Each structure stands twice: as C-alpha cells, then as structure tokens.
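K.L.:
Protein chains: 2
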Amino acid sequence: MDKPYAIGVDVGGTNTVVGIVDKRGQILINGSIKTAKHTEVENYLDELTKLIDELISKITTKDQIKGIGAGTPNGNYFTGSIEFAPNLPWKGVIPFAQMLEDRTGIPVALTNDANAAAIGEMTYGAARGMKDFIVITLGTGVGSGIVVNGQMVYGNDGFAGELGHTIVRRENGRVCGCGRHGCLEAYASATGLARTAREILEKRPDAKTILRDIPAEEITSKDVFDAAMEGDEIAKEIFEYTGKILGESFADFVAFSSPEAIILFGGLSKAGDLIMDPIRKSMEENLLPIFQNKVKLLFSELKESDAAVLGASALGWEVR
Amino acid sequence: MDKPYAIGVDVGGTNTVVGIVDKRGQILINGSIKTAKHTEVENYLDELTKLIDELISKITTKDQIKGIGAGTPNGNYFTGSIEFAPNLPWKGVIPFAQMLEDRTGIPVALTNDANAAAIGEMTYGAARGMKDFIVITLGTGVGSGIVVNGQMVYGNDGFAGELGHTIVRRENGRVCGCGRHGCLEAYASATGLARTAREILEKRPDAKTILRDIPAEEITSKDVFDAAMEGDEIAKEIFEYTGKILGESFADFVAFSSPEAIILFGGLSKAGDLIMDPIRKSMEENLLPIFQNKVKLLFSELKESDAAVLGASALGWEVR
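If you read the sequences in order, they're chains X and E.
Be aware that the first sequence starts at 697, since it is given in my numbering, and climbs by one per residue.
Be aware that the second sequence starts at 697, since it is given in my numbering, and climbs by one per residue.
1) For X:V844 and chain E, any beta-carbon pair shorter than 8 Å?
2) Closest Cβ-Cβ distance between X:R865 and chain E: below 8 Å?
3) Does the separation of the CB atoms of E:A1008 and E:G767 fall below 8 Å?
4) Taking only the alpha-carbon atoms, compute the straight-line gap between X:V871 and E:L983 and give it to the nearest angstrom.
5) How big is the Cα-Cα spacing for X:L744 and X:G963?
6) Taking contact to mean at least 3 C-beta pairs separated by less than 8 Å, is the region 875-885 of chain X in contact with the region 842-849 of chain X?
7) Which same chain residues, not among the five before or five after X:L889, have their C-beta less than 7 Å away from its C-beta?
8) Closer than 8 Å, Cβ to any Cβ of chain X: which residues of the region 849-862 of chain E, in chain order?
9) Taking Cβ positions, are E:Y946 and E:I915 nearer each other than 8 Å?
10) Let me know the secondary structure DSSP gives X:Q847 once reduced to three states.
11) Quick one: does E:F952 have its CB under 8 Å from some CB of chain X?
12) Identify the continuous beta strand (DSSP E) that holds E:K746 and give its terminal residues.
13) Just by C-beta distance, which residues in the region 894-919 of chain E are closer than 7 Å to chain X?
14) Whole angstroms are fine: how far does the CA of X:A957 sit from the CA of X:A813?
15) Please list the residues of the region 933-957 of chain E that have a C-beta atom closer than 8 Å to any C-beta atom in chain X, keeping them in chain order.
16) Using CA coordinates, which residue listed in X:D759, X:L741, X:G860 and X:A810 is at the minimum distance from X:P785?
17) Quick one, are the C-beta atoms of E:A675 and E:T905 less than 8 Å apart?
18) Let me know the secondary structure DSSP gives E:N811 once reduced to three states.
19) Can you tell me which of the three DSSP states E:T905 falls into?
20) Starting from E:A766, trace the beta strand (DSSP E) in both directions and tell me its first and last residue.
21) Could you have a look at E:E1014 and say whether DSSP puts it in helix, strand or coil?
22) Please classify E:E997: does DSSP put it in a helix, a strand, or coil?
23) So E:T916 is in the beta strand (DSSP E); what residue range does that whole segment cover?
24) Am I right that E:N868 and E:G841 are in contact with their C-beta atoms under 8 Å? What's the rounded C-beta distance?
25) Since X:D828 meets chain E, which of its residues come closer than 7 Å, beta carbon to beta carbon?
26) Using alpha carbons as the reference points, say which of E:Q988, E:H734 and E:E858 lies closest to E:N783.
27) How many whole angstroms separate the CB atoms of E:K754 and E:I725, which I take to be in contact at a CB cut-off of 8 Å?
28) What does DSSP give as the partner residues of X:G715 in its beta bridges?
29) Could you give the residue range of the beta strand (DSSP E) that holds X:L892?
30) For X:G835, which of X:N852, X:G821, X:A884 and X:F792 has the nearest alpha-carbon?
31) Would X:L984 count as contacting chain E if we go by Cβ distances under 8 Å?
32) Answer yes or no: does any C-beta atom of chain X fall closer than 8 Å to that of E:Q988?
33) Using a beta-carbon distance below 8 Å, is X:Q847 in contact with chain E?
34) With H, G and I counted as helix, E and B as strand and the rest as coil, what does DSSP make of X:V831?
35) DSSP on X:G841, reduced to helix/strand/coil?
36) DSSP state of E:G939, grouped into three classes?
See the structure below:
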C-alpha cells in the first residue's frame, strides 16, 4: 500500500518548521525548533529528530511516512548537502540529508527554498497539471524554481534556476548582494523595492508622498505597500517601476523555456495587482511576438504560512 | 530487430538536403532538391518523396528505416507543422510531418534547425553523454537548442529556446529583425558582426584597417575573419566585442539551466579561438561565483557540410 504521509522540513536562519502532510496537501500536525541557537549541526539535528519522532507518534507510525523533504538555503538536490549557506550557523558543506536520514531512519531529499516552492505549486498549488512553469520567489532576495517537461531543472551541478542573478541592467546597474552589478534581485526583491523608494525620494525632493514621514533608511516594502493602498501616487510608482523591471526579465525567461505560467511566490507577491498589473504590461510589451498573450501570470496557491513546509513536503513524495 | 537507419531532411530556403544515416552518424547516401522552385508545397513534397524513395532503393528497403527527422525554419515539434516561415515559399501553417508521412509511409518528426542541431550533438557530436547543455547556432541569425535532463526543451507551445531574442542591450540597443531592440541576435549573428564592423569603422575614422578597402555596406563576417587572420587589429577587436556580448548572455543562460557545456554551431563558430577566447573571458567575468570555471565551451563536432542533415536525422531515431 502507498504510504499516506510525507514530512516537510523548512530550514530557515531563525526557525526550522516541520509538518506532516497528506496527499491532498493538508498539514496534519506541525512544530518548530530554533535553528539559530545550535552552533553545532549535530545538536541541531538531534533536536530536529526528536521533534519529528514526537510529531509522528502523535498521529501515525514511522512506516506510514513516504519520505522527508527539506527546503534549505543553498540546498543541493544532487548531493543532499547544504553548501556554504551564509545565513545558517554551520559553515562549509553539511551532508544534511544523509545525517537526518541516519537519525530518523526515513529517506530524506533536500533542495533550495525556491525549488521546494516550485515542487509545492506543482503538487498542491497553482501549477497542478502543468508541465512547464517557473516560480519566482520575491522575498529578501529573488529566487526561482524552473520546471520543464514536468521535471525540476537542477542543471549539471544542482544549482540551476538562479534567475534573481540574471542581469537586467547592464549599464550602471545597482550593486547586488552577490557582488556583481545589475542583477534582477537588486531591483525586484523586497529590499530592492525599498531601495527604489529611497532613490525616488532623493531624486525628486518636490514629490509629495506620505513615505517622507519615515526616515529614508528605515523604509520597508511593507511601508510602500501600505502607502500605495492609501492611494499614495509615489508609492504606486515604486511598484510600477518594480513590475516593469520584473516584466522585462520575465520576457527573457519566456524566450528560454516558453512556460505555460510564471507564478509569483513570497512576500512581495502579497501586493497583488499593485505588482502584477505592471508586470503583465511590461512582460507583454517585451515579449517576442510568438509568445505574446500566451503566458499565464499567477499568484502562488499555497497558503502563505504553510507554503514553505508544503513545498518541502512535496519533495518528500519523490524520495527514492 | 532494431531498424538500422534514419533519414535526415534539412529544409532550407534554397535547397533541401536528404541523407540516410546509420547509428554511428555516418551519412551513407545523400541528395538534394531545390526548395525555392516549388510555390506549391504539394509539388515540393512529391519531388522530395521521389528523392527519398530513390535513395532508399539504392542501399536498403523501406522497412529498415526507423524514421524521418526534419529540421525546418519555424518547425514546431508538437504540431509537426512549419508555422509562418518567412524564408520559405509556402505561407501560413504547413502540416509538413503529416504530409510527408502520408506520402512516404515512414513516421516523420520535425523541429526547428537549432533544436535539430542540439539533438545531433547529443546523438553523434560534442554532447554525447551529456544531460544538460545548450547549443548556440551563430549564422545569419542566432538560434539555440536547450537540453535539460537529457530532453529537448520545447516548452509549453513548442517554441522554447529563442535565446537569440533575449535582450543583451536594454538601453539604446540595436534594432533586431524581430522588430524589438537589443536582442543578442542583433550583435552576435554573422550580420550583427558585420554591423559592428561598420559601426567601428564609422566611429573611428583614423583607425587603420584593411577593412577600409571594402565598401562599408558590403563588409561580411567572412571579410572580418580574413582580416583578423592577417593580423588586422580592428578586425580582432570586432571579434572581441562580439565575444564579449556573447559571454555576457551566456552567463545569464548558465544562471537559468546550469548546463555542463555550451556548444557553438554554425558559420561564425568557424572563427575558432578568435571568437571563443573573448567569449570565455567575458562569460567567466560575468558568471555568478558558484558557476565559475565549471561550464565547458565547445565547438560543434558535427562535420560542417553534414551537420544539418545529421541533426535532423537524429530526430528520426526518436520518432514514435
């Protein structure tokens, strides 16, 4: 008989969240531990294993679990390792999947957060039934998970899908966290949008906006969203500029893999039509004619608070 | 028993070339007809069928042929149709695969020229044994065939892989044949390279170069190649500029699918290190650190004169 449950583990820099999920994408039980307090990965994994065992024992038995899927920063599907993750307390290459599998006795697969989101959308969300789509995660950074022919694109080394680090402004581009210039992430992440806000406020000292009530260095994407919802014209313009840049990049992504849909996931996607309308306009204006009016732009259908765990759990179904 | 032969059909605007190929990629016999003289596709297909039957009868029998693969301008693998090809005499949508199959009694698959090149490299050429690679065709235009997980990327509509029409110069970009601005093709095709030559000659009237012996409007990529081989510094600079732009684009392609290799195919690739050295330098300078010093840059290993037919024939093995 098919095993009815998978476990999702979302490893974040602060917290690690675990959920047991059924085939319809219902999270039956969940729990969390603090990632950051463990400077030794061994101690962290011991506590994580204890939590997993407890959650299982409350609703089922271990032999009913198909697999564990983990979404982690810098997670490599091929090696099962976390490789040089700047925001985690453990340095170098951590053979995370093997170490967790040794402790739990359950097979473990691992990938990065954005790929987990894409597998989640395909299994339970907006991409059900689709064979070709791209998930773009708009958070502190810009990530992506690409699916072609119904399969995740991992590439030759497991690191494919770094679309946040394709170049959208080749001349005088903003410095990106990766050290290069002009990356999409430097414009379209939540921090990129806040940076656009500061640039516009500085360049146009006469423009009236309620954003001036906030010290420039403290403006967040949430502040810009709130201002736009109150009808602030400058705040709307900031979203339009962000959407314009995303649409330009999306047109190039379409020329690559001609997806059925591009799905927005994560913080900035909560802005809804504020961000989607300018993306759609800009993407269509920039598409090669054969691709125009074909590509769906969608929002994630995974419930915000559960999305990361659901995405990770979806990988648990695929474990060998 | 496995059928030992496949047929490749390379449909060009002027000529159509047919070859019967064995599993090692040897062309055993070939022939050609004039594409351009047939304003009616029916007459064209009748003559093509006659040629195919003649070639088969000279070396084998029809039941020894696995399939026919055709590489055509604007060929759509999913529909088997040639769709609105500007350089062919037949307009609109031509159900080419079905029409040829009806006439020959042999199953026919069809794709565009660049995809056929990629399948050819995977079957007989530089990409044997690779699961993730990109072929870039540098000819009158810039085309591409992308392979992920060992499968051609056709995308949702069959038109994936238009990398010649990703934007490499977003501000003041050259007008492209597609009507948009800044496409890679406007810089890195043979015609784009000739355009670079004219721009440099005009912008720098004092620069000494043997290219001034040729009327500016008549300079071809071949002229620039010949001049560079004679040590002309301006000609070398033209190749360096072209390679720089290709390398910038390649770095973005790598961020998408993280291929094991990018393979150069077609006219401009004959320039060898003149074009490859600046591509390599520029690509490595522009890559995200995790991808540096990993991606192979290779030349096609399909013999120039046979490449198109071989590529098409490779699709013949895959026919259902």
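The beta carbon of each residue, even a glycine, is placed where N, CA and C say it ideally should be.
Note that the coordinates shown come from a computational prediction; the quantities given were computed from them, not determined experimentally.
P.N.:
Reading off the structure:
1) yes
2) yes
3) yes
4) 15 Å
5) 26 Å
6) no
7) S917, V920, I934, T938 and L964
8) V849, Y850, G851, N852, D853, G854, F855, A856, G857, E858, L859, H861 and T862
9) This sequence places Phe at residue 946 of chain E; Tyr is not what is there. In this structure, E:I915 does not lie closer than 8 Å to E:F946 by Cβ.
10) strand
11) yes
12) Unbroken run through E:K746 is the alpha helix (DSSP H), V737 to I755; no beta strand (DSSP E).
13) none
14) 14 Å
15) E944, A947, D948, F949, A951, F952, S953, S954, P955 and E956
16) X:L741
17) Examination of residue 675 of chain E is not possible in this model, given that chain E is present from 697 through 1016 alone.
18) helix
19) coil
20) I761 to T768
21) coil
22) coil
23) From DSSP, E:T916 is part of no beta strand (DSSP E); its letter is neither H nor E.
24) The Cβ separation is near 30 Å, so there is no contact.
25) G851 and N852
26) E:H734
27) 6 Å
28) X:G704 and X:N726
29) Checking the sequence, you will find Thr at residue 892 of chain X rather than Leu. Element bounds for X:T892: not the beta strand (DSSP E) but the alpha helix (DSSP H), A886 to K899.
30) X:A884
31) yes
32) no
33) yes
34) strand
35) strand
36) helix
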